[in-house]
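Asker:
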Amino acid sequence: MRGSGPRSAGRRRPPGGGDDLPSTPASLAGCYSAPRRAPLWTCLLLCAALRTLLASPSNEVNLLDSRTVMGDLGWIAFPKNGWEEIGEVDENYAPIHTYQVCKVMEQNQNNWLLTSWISNEGASRIFIELKFTLRDCNSLPGGLGTCKETFNMYYFESDENGRNIKENQYIKIDTIAADESFTELDLGDRVMKLNTEVRDVGPLSKKGFYLAFQDVGACIALVSVRVYYKKCPSVVRHLAVFPDTITGADSSQLLEVSGSCVNHSVTDEPPKMHCSAEGEWLVPIGKCTCKAGYEEKNGTCQVCRPGFFKASPHSQSCSKCPPHSYTHEEASTSCVCEKDYFRRESDPPTMACTRPPSAPRNAISNVNETSVFLEWIPPADTGGRKDVSYYIACKKCNSHAGVCDECGGHVRYLPQQIGLKNTSVMMVDLLAHTNYTFEIEAVNGVSDLSPGARQYVSVNVTTNQAAPSPVTNVKKGKIAKNSISLSWQEPDRPNGIILEYEIKYFEKDQETSYTIIKSKETTITAEGLKPASVYVFQIRARTAAGYGVFSRRFEFETIPVFAASSDQSQIPIIAVSVTVGVILLAVVIGFLLSGRRCGYSKAKQDPEEEKMHFHNGHIKLPGVRTYIDPHTYEDPNQAVHEFAKEIEASCITIERVIGAGEFGEVCSGRLKLPGKRELPVAIKTLKVGYTEKQRRDFLGEASIMGQFDHPNIIHLEGVVTKSKPVMIVTEYMENGSLDTFLKKNDGQFTVIQLVGMLRGIAAGMKYLSDMGYVHRDLAARNILINSNLVCKVSDFGLSRVLEDDPEAAYTTRGGKIPIRWTAPEAIAFRKFTSASDVWSYGIVMWEVVSYGERPYWEMTNQDVIKAVEEGYRLPSPMDCPAALYQLMLDCWQKDRNSRPKFDEIVNMLDKLIRNPSSLKTLVNASSRVPNLLAEHGSLGSGAYRSVGEWLEAIKMGRYTEIFMENGYSSMDAVAQVTLEDLRRLGVTLVGHQKKIMNSLQEMKVQLVNGMVPL
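Mapping the sequence shown onto my numbering, position 238 (from 1) lands on 311, and the numbers just tick up by one.
1. Could you give the uninterrupted runs of the alpha helix (DSSP H) lying entirely in the segment 799-841, keeping only those of 4 residues or more?
2. Just to confirm, is the Cβ distance from F224 to D288 under 9 angstroms?
3. Residue range of the beta strand (DSSP E) that T171 falls in?
4. Nearest to N181 by alpha carbon, out of P152, K204 and L312?
5. If you follow the beta strand (DSSP E) that I890 is in, where does it begin and where does it stop?
6. Express the C-alpha separation of A436 and D910 in angstroms, rounding to a whole number.
7. Using CA atoms only, rank isn't needed, just tell me which of A599, E575 and G820 is closest to K593.
8. On the DSSP letters alone, give me the boundaries of the alpha helix (DSSP H) that K766 sits inside.
9. Go ahead and pull the three-state DSSP assignment for M1076.
10. So is P524 buried or exposed if we call it buried at 16+ other beta carbons inside 10 Å?
11. Look up R625 in the DSSP assignment and say whether it is helix, strand or coil.
12. Of all the beta strand (DSSP E) runs that stay within the bounds of the segment 330-388, which reach a length of 3 or more residues?
13. Helix, strand or coil for K239 per DSSP?
14. Roughly how many angstroms separate the alpha carbons of K393 and T455, rounded to a whole number?
15. Is M499 helix, strand or coil by DSSP?
16. Looking only at its chain, what residues have a beta carbon closer than 7 angstroms to the beta carbon of Y486, apart from the 5 residues adjacent to it on each side?
17. N568: which of E600, G550, R615 and I589 sits nearest, CA to CA?
18. What ranges does the alpha helix (DSSP H) occupy inside the segment 907-975, keeping only unbroken runs of at least 4 residues that lie completely in it?
19. Please classify M25 as buried or exposed, where buried requires at least 16 neighbouring CB atoms within 10 angstroms.
20. To the nearest angstrom, how far is it from the Cα of S872 to the Cα of L851?
21. Expressed to the nearest angstrom, what Euclidean distance is found between the alpha-carbon atoms of H1009 and H783?
22. Between V409 and the rest of its own chain, which residues show a CB-CB distance below 7 angstroms, the 5 nearest in sequence each way excluded?
23. Work out the CA separation of Y172 and W148 for me, nearest whole Å.
24. Just to confirm my understanding: we take K591, look at its own chain, exclude 5 residues before and 5 after, and list those with CB closer than 6 angstroms. What are they?
25. With distances taken from CA atoms, which of E920, S231, N537 and A285 is nearest A505?
26. So what's D478 in DSSP terms, helix, strand or just coil?
27. For R208 versus C305, is the C-beta spacing smaller than 9 angstroms?
28. Determine the direct distance from the alpha carbon of V922 to that of E1075, and round the result to whole angstroms.
29. Hey, does K766 have any beta-carbon neighbour from chain E nearer than 9 angstroms?
30. Helix, strand or coil, according to DSSP, for P753 in the structure here?
31. Check V300 in the structure and name its three-state DSSP category.
32. If distances are taken between C-alpha atoms only, which option among V1063, L772, S723 and C864 comes closest to P709?
33. From L328 to L203, what does the alpha carbon distance come to, in whole angstroms?
34. Mapping DSSP to helix, strand and coil, what is C467?
35. Which residues mark the beginning and the end of the beta strand (DSSP E) in which G732 is found?
36. Quick check on the burial criterion: 16 or more other C-beta atoms within 10 angstroms. Buried or exposed for I900?
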């Protein structure tokens, strides 16, 4: 066959698999009739094999490929008459190496074929690909019993090239068997089967190795041997270059490889990929990005052209310079602002350069005594920015000298002087009859970068006469058993000539019956007082502009009657005198009260005192704003039109229904009044078919609400009464009622945020209390909260709302009462005062800190009444600061006179907010519930039979074993568990802690129920 070359003929795939060899020439058919030492079919095998061998994949590196060796392979056969090398050439006359052996006629064959030393090039796992043909033993004449259909493959590691290797030093790789073998019949069909087997070896620890093939009696031709290892080829991925990487020794091993960023690219975290055992790149981590001034295109970083920039590696591509900026350089990281345009350091480079705003426009003023209200229109040119704010400069001017000075620190600006976002401001505490100039300057983020570009509008005003400021410094003089002398200083801002002072005093806790004295001096003596009694004094001054407001309350006590004289013999006479005096005083007071409304009495009569102002039958003290009950009007429509502004229905746009009220639907919408900005509003509508009483009750709330003006009271925008449907329009509170809002956001706020909510509610209630209004239904459900977490008191229609309120299940004479929020005296005697509102405020505090839990849980209203009367008070909520719980307890004092006033509550909450560390001390969980267990028996009796049963009932059964292991094996022991104990036991989830503690509280409340007779 030598020199005959390969032959081309038809091919077919046999059913058993394997590679088909070309058909065999007829002249060679006889060669396969019997085994020979050097079968002539080798030539045909070689030529066929060349066409079936494929190029190696790119992730495989050949260490040896017998097909490509041009010279002698240098392999050694032992014994020499065993494996035989057959040399041929392919169609390009390149040498072909093949080894064959077919000693099937002889027994005990042990023929070895040893390769030359093969360097592993650092690979720790190598692969051996064998291509061979094998004769089926059954096809041989006589079915030789010594014939084999397998051969063995071995290897031996070595750092050096040496052949002194013994057989027993080789390590067996595997026994190789053919998937397809050929028979004489195959030869007749001129088809042969080429087998391919691949084995791997590893881990390798030395520089190289030898391979050996052992024949033990097979008829085999080894067509080619390819030894290779796998690698992950070099690749550029995400702008990072990953080098060629040899795979690991383990078939499941992933090698972590760090990449290097290409030119002009950077990274915060070195990019990495993992090389798999099969030579594939997997699991990319991190990436490189083109540095500032360069952008990624076609896998490389290219420079930004002039007029374009890229400020950060994190930007995707180069951007065109924003308006009013430019760059003439390549690789620019920012653009330069044009003349008279600026960019702050905090402005992103992608933002246009901007300039200071123009001046505000159309400023108008409104003077009210010593207060000035300014309003203006925003600048026509904001400089291209949205951060426009306003600064108010105040100057006090002498009209004669033409000189203006700074106003000084006594002027107050509402809401503020600097950084004003609104287009209106009020200045208070100005001097009366004084010329002022106010400069309203518009500023934005770049105004300080252009000092010469200040733009403002001036407004000149002259204040009117004004009432004097309050008297602040009152000192006591001589105090006797029946008199008290006082002195004081003129107010800090008299705002004119003081004409006289009015002194109001009354016995403490008898505020409805008071006396007024007038004096032109700064001293008075109040006579006819009771011995050993505390009196409250308030003083105000009057100028031509009228009365100022009363001073704060000053309390002084008269001397006891027995302290006035040491003569014990006078005691009976004094006692009789006191008795007679009391009787006479009662007669006089009764007389005075019969002739004066609102408990107003006089100590002196003079013409000036007769000038009292009456409003619809109500005494209106000058300078004091009081609440007027709209139900006292003969015509309720008069009250509505007096206190509420009428709005045209065309100004209102209803957008969606957000709820339902007693009288109709509650909607959200928009209000656009002429010349004013559009506002979001809430709209209550009166349903069709209403009665006149329903209309009167519906508008009654507006008549009440319209009298209030405070940031923590829901603001009435107006009413619609001249068209249908009748509507009440108020400001819109985005987050709805406070109790629902807290339930939805359980545990989401800091203690300071919760105290801020409580402070807002208290401030609103202080305002109502000062106005003389008693709410009677203060509860979290009647507090509304906006998107800024500002709480506002609402719902001023108690008399009608409670009729259908499920919380008002307890009825007394005169209507229904919300028992869980109402003070004991209001339930028992219908005695509603600001003090009863304070009790309700304490319940609201509990609701807020417990995130909307129901007060007294599932206790009936009757049980609540009896438990409170017997001294039971709500326990502290979880994680409640001790200072807040103490304030709750103060609000729940049985004696209403012992409860704090709302102004005291506001001051206390302000102190807590200013000193947050005072809120870190929490109520001890073990003391959160009154100690009722010792007095009324075991908690577990009649409740749960075991700790496990209790925990399963509240779906906390997972903790049963923990409780038992730590000694909590009875319900009596569980009753003493505190929050700290739960944490020590490993109950770390806040929700689980809360569920367990709440269950314990409820069981203790049930115990209270058991001790209160129904």
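The C-beta atom is built at its ideal place from N, Cα and C for all residues, glycine as well.
Answerer: The relevant details are as follows:
1. With a minimum length of 4 residues, the continuous alpha helix (DSSP H) runs that stay inside the segment 799-841 are 811-817.
2. Contact flag set, yes.
3. DSSP places T171 in the uninterrupted beta strand (DSSP E) bounded by P168 to C175.
4. Comparing Cα-Cα distances from N181 to each of P152, K204 and L312, the minimum goes to P152.
5. Boundaries of the beta strand (DSSP E) around I890: G888 to I890.
6. Going by the C-alpha atoms only, they are around 43 angstroms apart.
7. Nearest to K593 by C-alpha distance, out of A599, E575 and G820, is E575.
8. Counting along the chain, the alpha helix (DSSP H) containing K766 begins and ends at E765 to M778.
9. Here M1076 sits in helix by DSSP.
10. It is exposed - the Cβ of P524 has fewer than 16 other Cβ atoms within 10 Å.
11. Residue state, collapsed to three classes: coil.
12. Qualifying beta strand (DSSP E) stretches, in chain order: 345-348, 354-358, 367-370 and 373-376.
13. Here K239 sits in coil by DSSP.
14. Distance between the alpha carbons of K393 and T455: 24 angstroms.
15. Three-state result, M499: strand.
16. Within the same chain, Y486 has close Cβ partners I465, V498 and M500.
17. Proximity to N568 across E600, G550, R615 and I589 peaks at R615, based on C-alpha coordinates.
18. Within the segment 907-975, the runs of alpha helix (DSSP H) that reach at least 4 residues and sit entirely inside it are, in chain order, 907-922, 934-942 and 955-964.
19. There is no way to answer for residue 25, as the model of the chain reaches only from 74 to 1087.
20. Low confidence applies to S872: its pLDDT is 37, below 50, so where it sits in the model is not reliable enough to give any reading.
21. Per-residue confidence for H1009 stands at a pLDDT of 35, beneath the threshold of 50, marking its modelled position as unreliable; the derived number appears in the next sentence. Take the alpha-carbon of H1009 and the one of H783: they are about 48 angstroms apart.
22. Result list for V409: S398, Y399 and T400, in chain order.
23. Cα-Cα distance, rounded: 10 angstroms.
24. Exclusion of the five residues before and after K591 leaves E573 and E575 as the residues of its chain whose Cβ lies within less than 6 angstroms of its Cβ.
25. A505 has its Cα closest to that of N537, out of E920, S231, N537 and A285.
26. In this structure, DSSP gives D478 an extended state, which the three-state scheme calls strand.
27. No, Cβ-Cβ distance for R208 and C305 is not below 9 angstroms.
28. For E1075 and V922, the distance between alpha carbons rounds to 17 angstroms.
29. You won't find chain E in this structure, because it holds only one protein chain.
30. Assigned with DSSP and collapsed to three states, P753 falls in strand.
31. V300: strand per DSSP, three-state reduction.
32. Checked all of V1063, L772, S723 and C864; the closest Cα to P709 is L772.
33. Their Cα atoms are separated by approximately 28 angstroms.
34. Strand, per DSSP.
35. Boundaries of the beta strand (DSSP E) around G732: I725 to A733.
36. With 16 or more other Cβ atoms inside 10 Å of its own Cβ, I900 counts as buried.
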